[in-house]
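Okay, so the sequence shown: first residue is 3 according to this note's numbering, each after it adds one. The beta carbon of each residue, even a glycine, is placed where N, CA and C say it ideally should be. For clarity, every value in this text was computed on a predicted model and none was experimentally measured. In what follows, a structure is listed as structure tokens, so that the remarks can point back to it.
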Amino acid sequence: MADAQQIKGCCPLDCQDTCAWSARVEGGRVVRIEGAKDHPFTRGVLCAKVRDFEARTYSLDRLLHPLRRVGPKGSGRFERIGWKDAVDLIADRFLEIIAAEGAEALLPFHYLGSMGVAQRQALMRLFHALGASRLGGSICGAAIDALAVEGHPWAHVCPRIRLAEGG
Ligand code: SF4
3 MADAQQIKGC CPLDCQDTCA WSARVEGGRV VRIEGAKDHP FTRGVLCAKV
53 RDFEARTYSL DRLLHPLRRV GPKGSGRFER IGWKDAVDLI ADRFLEIIAA
103 EGAEALLPFH YLGSMGVAQR QALMRLFHAL GASRLGGSIC GAAIDALAVE
153 GHPWAHVCPR IRLAEGG
């Protein structure tokens, strides 16, 4: 196809590899993604989660617009709003919190989703600039660290190990 292009990029998902990819775009639409052959880690191979990333990109189930909750939590009632309204809503709330309690009353918390090296901390530049609190790891990670410091064991006891030990 005359207007076909190969666009270089990298995987935003959950592991540390940040695999390099090359996306074939035809008529403004991605038609195939493959691992970059010249990348020393990726060497032409993407994992099963990402080999068909174009299907995820164009999925009809994908959220494409901000939604604002209009009912009680759990009711599943949302209305579509514009991007500017969504950003204004969040910015106004942040400013309210900062004015009332100080910037450290903001605690950025996110876990899972797009958490590769390139994507995971992308929002933190904003929170650092605001002076928000910093979280060591995740909320559950920080809690288990605190327990470990007090001498509590870290892990669940595996029933198979108990059986092997005759417990
Ligand atoms: S999720 Fe798959 S493609 Fe993405 S960085 Fe990890 S191994 Fe690579």
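Quick check on the DSSP output: the beta strand (DSSP E) that includes residue i runs from which residue to which?
i           : result
residue 141 : No beta strand (DSSP E) contains residue 141, which is instead part of the alpha helix (DSSP H) from 141-151.
residue 25  : 22-28
residue 56  : Looking at the DSSP string, residue 56 is not in any beta strand (DSSP E); the run it does join, the alpha helix (DSSP H), is 55-59.
residue 33  : 31-37
residue 7   : 7-12
Kindly indicate the opening and closing residues of the alpha helix (DSSP H) around residue i.
i           : result
residue 75  : Residue 75 -> no alpha helix (DSSP H), and no H or E assigned at all.
residue 45  : Residue 45 -> no alpha helix (DSSP H), and no H or E assigned at all.
residue 127 : 126-132
Would you mind stating whether residue i and residue j have Cβ atoms separated by less than 9 angstroms?
i           : j           : result
residue 137 : residue 145 : no
residue 52  : residue 15  : yes
residue 112 : residue 97  : no
residue 10  : residue 38  : yes
residue 67  : residue 78  : no
residue 29  : residue 5   : yes
residue 120 : residue 12  : yes
residue 70  : residue 80  : yes
residue 60  : residue 82  : no
Quiz item: With contact counted as at least three CB pairs below 8 angstroms, one residue from each stretch, are the region 52-62 and the region 20-36 in contact?
Solution: yes
Quiz prompt | Cβ pair count under 8 angstroms reaching 3, the region 101-111 against the region 124-136 | solution = yes
Quiz item: Can you give, in chain order, each stretch of the beta strand (DSSP E) that sits fully within the region 73-104 and has at least 3 residues?
Solution: 80-82
Quiz item: For the 8 angstroms Cβ check, are there 3 or more pairs between the region 37-44 and the region 5-24?
Solution: yes
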